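Shown next, in structure tokens, is the structure this report addresses.
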Amino acid sequence: MKAGFRILEHPADVGIEATGATLKEAFENAALGLLSMITDVDSVDAREERFIQLKGTDIQNLLVKWLSEILFLYDGENFLVGEVEIESISPTRLEAIVRGESVDEARHSMKTDIKAVTYHQLKVQEKKDGCLVRVFFDI
Amino acid sequence: MLKKIDEHRYIIPKSFREGMTVEGLIYANEELIRQIEKDQTMMQVANVATLPGLVGRSLAMPDAHQGYGFAIGGVAAADLETGVVSAGGVGFDINCGVRLLASDMSLDELKPRLDALLNQMFRDIPCGTGKKGVIGALSFDELDRVLKNGAHWAVEKGYGTPADLEHLEETGRLPNADPSAVSDRAKQRGKDQLGTLGSGNHFAEVQYVAEVFDEEAAKAFGLWPQQVVVMIHSGSRGLGHQVCTDYLEIMQSAMKKYNIRIVDRQLACVPIKSPEGQNYLKAMAAAANFAFANRQMMTHWTREAFQRVLGRGDLKVVYDVCHNIAKEEVHMVDGKPRKVLVHRKGATRAFPKHRPELPKDYYEVGQPVLIPGSMGTCSYVLVGTERAMEETFGSSCHGAGRAMSRHAAKKNITAEQLIKELREKGIHVRGASKSGLTEEKPDAYKDVSQVVEVVHNAGIAKKVAKMIPVGVIKG
């Protein structure tokens, strides 16, 4: 399975399908997919670090919480993430370090306001050859 | 499966899917039903019909399209004692809504200064992705006052006048709002976004009244042919989105306790009378009040722009309606009055004359129902009807409804082409984002006139006036 992400179609909104060799990699790519809709990820410098620790009721819930956290850092704290590194992940727990910087309108072009992460057609699929996650956002 | 009962009504029988406790009913003509059948709207209307304590039918308006859990354009009423409230049944953009302002000038008077006016509005109304408000970040204490008092807070701060409040749904303040039910995260997201338009399908549009269908109602609403009006479409910004995110989580966790099983996780719900249900309704009301205050502030800046450019800033508020909301109302069900919670997810309240909720100016004609079209097409003012009370819990459509994905919309046209095409039609555009602009191109939506015809002919709202845009401010 090729690691990365692609944008999905939805009549009203937009989603991503992210893949990776492991669950960790697929979750990291899902976060990068979300970030690529917010801004040009390459323009974000890794100046500051934030530690994220989450508990979920199951793997789907954990995915929604993980992406909601990245979204909150941007929309609530004005902090753009450029790099993500999941340190440990289980179906109900996640620990990660994310790196980025405060939004600088001169350097960061903002693409889309994402309202929220949804459970619509949410999928986390672990297979022998890798992991695939699918998630839609309300924009 | 779908049972056509007349030219504008299609029933989804209970046999459509397991667990439906009520029927589904879609308002559409043949062309719109074909579009509705293309995505998951029907299944979503049927899924909603499985929720506990629903009364009447699970409804979809002619502008309905696939959403998350609920279809956008959906209406569902739950018994206040035995029913449930669903955060997804209101949606992420709580009290996304529309406000209409009426000027005292005709299109001919505006035309020479149109570009200057649009430039001024574009400067004064913060819009676009990630845009912060010009008033700076509010303290949480001040924000709590906004959440409690909505548009009343804005008027007290000098944004508009007390007369404005009389022409807003709920006077621009839902009374049961409780800021303590709103998380710090939601407040964090909202504290510097008050007084911003946002992006996506939100806009401020300068339009003129192109056609009047109902002279009596138009007169009561203060509308006349060739008159310049302004329509503002915006919501509760990050604050409302976070309230919905938070309560989806709370409701999912609490459902087990109440033995509720759902067919789609996005439909998470709890009993209305449960602590979680009551807290959600208090937080939802607070977010709705944020949106009312937001539109009130943009009204003020629109007036200032008119005053500065044209020397005439006396714009009257025609009305302000919620598109995404849950309201406790009394409706006749099986011949008896019943207290219900009406979820309107992309739908507009459409109350007829003589309802106590109406402003006194509209008591003899009915509630204005504001229907924005897609960018560059047309918009409508309708009026609520008795038939809506009988069939749709006093509800009607809310707009054109998307027909094409944002991605597909961007493929066929560049922003420059679109701006040129609209200009040739006499519509001047100011947009914060080029890609945002093409995502909202007119043919990405259903034909709003068809949607309105269905609603009018089905009798769940009546046409009053049609407006055509001459200037658009997009986020």
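Protein sequence lines correspond, in order, to chains P and D. For the first sequence, the positions run 723 to 861 when this note's numbering is used. For the second sequence, the positions run 120 to 594 when this note's numbering is used. No residue lacks a Cβ here, since even glycine has one placed at the ideal position from N, Cα and C. From a predicted model like this one, the values you see are computed outputs, not experimental measurements.
Collapsed DSSP secondary structure at residue i in the structure displayed
i	result
D/H547	strand
P/S758	helix
D/H127	coil
D/C388	strand
D/S498	strand
D/T467	strand
D/G503	coil
D/M451	strand
D/H184	strand
D/C215	coil
D/Y564	strand
P/R829	coil
D/E483	coil
D/H462	strand
D/V141	coil
D/I155	helix
D/A323	strand
D/Y146	strand
D/P475	coil
D/P588	strand
P/Q847	strand
D/F189	coil
D/A329	strand
D/P298	helix
D/V209	coil
D/H352	strand
D/M370	helix
D/E335	helix
Any C-beta of chain P under 8 angstroms from that of residue i
i	result
D/S372	yes
D/S493	no
D/S318	yes
D/H360	yes
D/C497	no
D/T467	no
D/R308	yes
D/T364	yes
D/G357	yes
D/R304	yes
C-beta neighbour in chain D for residue i, strict 8 angstroms
i	result
P/S812	no
P/G798	yes
P/I738	no
P/F727	no
P/F794	yes
P/I781	no
P/E731	yes
P/S758	no
P/D860	yes
P/S765	no
Contact test: residue i Cβ vs the ligand GTP heavy atom, cutoff 7 angstroms
i	result
D/R422	This structure lacks the ligand GTP; in fact it carries no ligand of any kind.
Supposed contact pair residue j and residue i - C-beta distance, whole angstroms, cut 8 angstroms
i	j	result
D/L226	D/Y327	4 angstroms
D/L266	D/A221	Not a contact, Cβ separation roughly 29 angstroms.
P/L785	P/V855	6 angstroms
D/T160	P/K833	With a Cβ gap of about 28 angstroms, D/T160 and P/K833 do not count as contacting.
D/A183	D/I145	7 angstroms
D/A507	D/T421	That pair is no contact at about 30 angstroms.
D/H321	D/G594	5 angstroms
P/A838	D/F211	4 angstroms
D/K392	D/E200	7 angstroms
P/V766	P/L802	5 angstroms
8 angstroms Cβ cutoff, residue i in contact with chain B
i	result
D/V164	Note that chain B does not occur in the displayed structure, where the protein chains are P and D.
_Short-range partners of chain P found in the region 536-560 of chain D, where Cβ spacing is below 7 angstroms_ = S554
*Would you list, in chain order, the members of the region 247-273 of chain D that have their beta-carbon closer than 7 angstroms to a beta-carbon of chain P?*
When CB distances to chain P are screened at a threshold of 7 angstroms, the residues of the region 247-273 of chain D falling below it are T248, G249, in chain order.
*Listed in chain order, which residues of the region 814-840 of chain P have Cβ atoms closer than 7 angstroms to some Cβ of chain D?*
V825, M832, K833, T834, D835, K837, A838, T840
*asked:* Which complete alpha helix (DSSP H) runs does the region 229-285 of chain D hold, if anything under 4 residues is left out?
replied: Secondary structure remark: continuous alpha helix (DSSP H) runs of at least 4 residues inside the region 229-285 of chain D, in chain order: 233-243, 259-268, 270-275, 281-284.
_Please list, in chain order, the residues of the region 211-222 of chain D that have any C-beta partner in chain P closer than 8 angstroms._
F211, D212
*Residue ranges of each beta strand (DSSP E) run of no fewer than 3 residues wholly in the region 752-823 of chain P, ordered along the chain?*
770-777, 801-812
*Where the region 507-531 of chain D meets chain P: residues whose CB sits under 8 angstroms from a CB there*: R521, A522, M523, S524, R525, H526, A527
*asked:* If the cut-off is 9 angstroms on Cβ atoms, which residues from the region 166-188 of chain D count as contacting chain P, listed in chain order?
replied: For the region 166-188 of chain D, residues whose beta-carbon sits nearer than 9 angstroms to a beta-carbon of chain P comprise H184, Q185, G186, Y187, G188.
*asked:* Report the start-end ranges of each alpha helix (DSSP H) in the region 379-442 of chain D that is 4 residues or longer and not cut off at the edges.
replied: 394-429
_Cβ-based contacts, 7 angstroms cut-off: residues of the region 380-393 of chain D near chain P_ = R384, Q385
*In chain order, what residues of the region 129-145 of chain D put their CB closer than 7 angstroms to some CB of chain P?*
none
*Mind pulling the alpha helix (DSSP H) runs of 4 or more residues that sit fully within the region 512-558 of chain D?*
The qualifying runs are 525-530, 534-543, 553-558.
_Can you pull out the residues from the region 425-442 of chain D whose beta carbon lies closer than 7 angstroms to at least one beta carbon of chain P?_
none
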